[in-house]
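S.K.:
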Amino acid sequence: MFVGDGEEDWLMIDRQGVAADWSKRGFGCDLWVDPPGQCWEDFVHRQDELLMLVEGELEVEIDGRQCRPAIGEELFIPAGAHHSVRNIGNVTAYWLYGYKG
Numbered sequence: 001m002f003v004g005d006g007e008e009d010w011l012m013i014d015r016q017g018v019a020a021d022w023s024k025r026g027f028g029c030d031l032w033v034d035p036p037g038q039c040w041e042d043f044v045h046r047q048d049e050l051l052m053l054v055e056g057e058l059e060v061e062i063d064g065r066q067c068r069p070a071i072g073e074e075l076f077i078p079a080g081a082h083h084s085v086r087n088i089g090n091v092t093a094y095w096l097y098g099y100k101g
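If you're matching positions, the sequence shown starts at 1 in UniProt numbering and goes up one per residue.
#1: Just how far apart, CA to CA, sit HIS45 and LEU31?
#2: Whole angstroms is fine: what's the gap from TYR99's alpha carbon to SER23's?
#3: As a quick exercise: from PHE27, ASP63, GLY28, pick the residue whose alpha carbon is nearest that of PHE43.
#4: Leaving out the 5 sequence neighbours to the left and right, which residues in its chain are closer than 7 Å to ALA79 when beta-carbon positions are compared?
#5: Thinking C-beta only, is LEU53 closer than 9 Å to ALA81?
#6: According to DSSP, is GLN66 helix, strand or coil?
#7: Would TRP40 be called buried (16 or more neighbouring beta carbons within 10 Å of its own) or exposed?
#8: In angstroms, rounded to a whole number, what distance separates the CA positions of PRO69 and ASP21?
#9: Please state whether DSSP places residue 140 in a helix, a strand or coil.
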């Protein structure tokens, strides 16, 4: 879900559209902002989680499997999964996340 914001040359995520879609599926939707080099290591949640990169570059590890999501790519993190999120880029990373229920 991309839309031009009218002020920048790059495309951005339609946050309201993502939030509406996730809400229909039972998930919240909030924005997280991380400076370059920020790492969140080995988290486990009781609820399923969705994550979507809005801007920047992330490495996400879910139960030992690493991936680097593209902007707009949705990742599903199942309840009970060990996961880490790392800003591996040189710029601030913005990403959407939401927990089920």
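For every residue, glycine included, the Cβ atom is placed at its ideal position computed from N, Cα and C.
M.R.: From the atom records:
#1: Their backbone Cα atoms lie some 18 Å apart in a straight line.
#2: 10 Å
#3: ASP63
#4: HIS45, ARG46, GLN47, ASP48
#5: Cβ distance not < 9 Å, so ALA81 and LEU53 don't count as in contact.
#6: strand
#7: exposed
#8: Approximately 19 Å, taken between the alpha carbons.
#9: Residue 140 falls outside the range modelled here, since the chain spans only 1 to 101, and no answer is possible.
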